[in-house]
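To start, the structure itself, in structure tokens.
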Amino acid sequence: MERYRRLSGKNISKWYKTFGRKNLPWRKKVTPYRVWISEMILQQTQVATGIDYFLKFTEKYPDLESIKFASEDDILRLWKGLGYYRRATYIYQAKEIIHNKLSGKFPEEFDSIMSLPGVGRSTAGAILSIAFKKPYPILDGNVKRVLSRFYFQKIFNEKKFWILSEQMLDKIDPFSFQQGIMDIGATICKKQNPDCRVCPLKKSCKSNIRSDYFNLPAKRAKKKSLHLNFKIHYKANKIFLIRDNALGFWKNLWMPPYEVCKNNNYDIKHTLSHRDLFIEFKSEEKVDQFENGQWFEKEKLQFIATPKPISDKLLKL
2 MERYRRLSGK
12 NISKWYKTFG
22 RKNLPWRKKV
32 TPYRVWISEM
42 ILQQTQVATG
52 IDYFLKFTEK
62 YPDLESIKFA
72 SEDDILRLWK
82 GLGYYRRATY
92 IYQAKEIIHN
102 KLSGKFPEEF
112 DSIMSLPGVG
122 RSTAGAILSI
132 AFKKPYPILD
142 GNVKRVLSRF
152 YFQKIFNEKK
162 FWILSEQMLD
172 KIDPFSFQQG
182 IMDIGATICK
192 KQNPDCRVCP
202 LKKSCKSNIR
212 SDYFNLPAKR
222 AKKKSLHLNF
232 KIHYKANKIF
242 LIRDNALGFW
252 KNLWMPPYEV
262 CKNNNYDIKH
272 TLSHRDLFIE
282 FKSEEKVDQF
292 ENGQWFEKEK
302 LQFIATPKPI
312 SDKLLKL
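Going by the numbering used here, the sequence shown opens with residue 2, and the numbers climb by one from there.
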């Protein structure tokens, strides 16, 4: 059993060297910093969407030294439209730790990488395997699907899947293996219509042998609706905005003052992963007192961090 797992891991590494997606931008010039940024972007984001954001981010900040003096606002602004803005805040917090406590050098040990904000076990494993060629397992969505079908595990058990991931890992070439198993999950062992005929694991895969190509049960939390009325204060080509973290999302982003209501005649519907937002905009003259409020010239809106549905509206004023 152990031998067949090792052979499967080596087959994945061999497959990657010939068929892997080496054209992805974060694979063309591999550094710990670039792997880290790509992994943060790809949390909760599809590769096709992540490519443009990665290119934009690394054009502005190509390495750790260039991002040293970036403010949280600078990073949030580059993140606009990608969602899950907390990831941008984590990048800011992590680079502060790296420069202030780690002498500006990206850590090379598992525990040190895990201590960085926003980095979990799978992200740390990807950084160590790809950037440092150290054999650590990963367990993202694509890898879970490959493992579940290969071992015919229809119920996800996190502890067990970490063991399976480590057992299959090609410890001689973790660089090729990790990128290979992610690519197989993304391009071959897909949720729908897996292309088993070209899979390097087809001879040993229990799902293929049984012709049972299942998906792990998805945890689907019911989306909640939230109605927001934004008060737009606009005069002399200036707009009044506040920073408010009470919503639990859009943290540290600038937006007009707002009220949460039971219902509204919404202008737009904006969908988040866990909420449907029904947003109404109202013009108002009176400005209430806000400790965290500030007037911005309209021309400068594109240079500050605001939620995309808000900035789209404000730029049309």
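Cβ atoms here follow ideal geometry from the backbone N, Cα and C, with glycine treated the same way.
| Check | Outcome |
| --- | --- |
| On the CB-based measure, 16 or more other CB atoms within 10 Å of its CB, does PHE176 come out buried or exposed? | buried |
| Based on Cα-Cα distance, which residue from LEU129, ASP171, LEU217 and VAL199 lies nearest to LYS192? | LEU217 |
| Where does TRP80 fall in DSSP's three states? | coil |
| Name the DSSP bridge partner or partners of MET256? | ILE243 |
| In this structure, how does DSSP classify LYS223 when only helix, strand and coil are distinguished? | coil |
| Based on Cα-Cα distance, which residue from ASN143, ASN238, LYS135 and GLY294 lies nearest to GLN45? | ASN143 |
| Any chance you could list the beta strand (DSSP E) runs of at least 3 consecutive residues sitting entirely within the stretch 171-232, in chain order? | none |
| Give me whichever residues DSSP pairs with TRP16 in a beta bridge. | Answer by DSSP bridge pairing: none, since TRP16 is not bridged. |
| Is LEU8 helix, strand or coil when you go by DSSP? | helix |
| Rounded C-beta distance between PHE178 and ILE13? I'm assuming under 8 Å. | 5 Å |
| Looking at the secondary structure, which residues open and close the alpha helix (DSSP H) in which TRP251 lies? | It is not in any alpha helix (DSSP H) - TRP251 carries neither H nor E in the DSSP assignment. |
| Roughly how many angstroms separate the alpha carbons of THR90 and TRP296, rounded to a whole number? | 23 Å |
| Which partner residues of GLN295 appear in the DSSP bridge assignment? | LEU242 |
| Quick test of your reading: PRO136 and LYS81, contact by CB under 8 Å. State the CB separation rounded to the nearest angstrom. | No, PRO136 and LYS81 are not in contact; Cβ-Cβ is about 37 Å, not under 8 Å. |
| What do you reckon, are the CB atoms on LEU316 and GLN303 nearer than 9 Å? | yes |
| Out of LEU165, LYS145 and ARG22, which has the shortest C-alpha to C-alpha gap to ALA219? | LYS145 |
| In terms of residues, what are the limits of the alpha helix (DSSP H) holding ARG364? | Residue numbering for the chain in the displayed model covers 2 to 318; residue 364 lies beyond these limits and cannot be assessed. |
| Cβ-heavy atom distance between GLN47 and the ligand SAM below 8 Å? | The ligand SAM is not part of this structure, which contains no ligands at all. |
| In the DSSP assignment, what residue or residues form a beta bridge with THR272? | ASP277 |
| For LYS283, write down the residues that DSSP places opposite it in a beta bridge. | LYS232 |
| Thinking C-alpha only, which one of SER9, PRO258 and PHE151 is nearest LYS287? | PRO258 |
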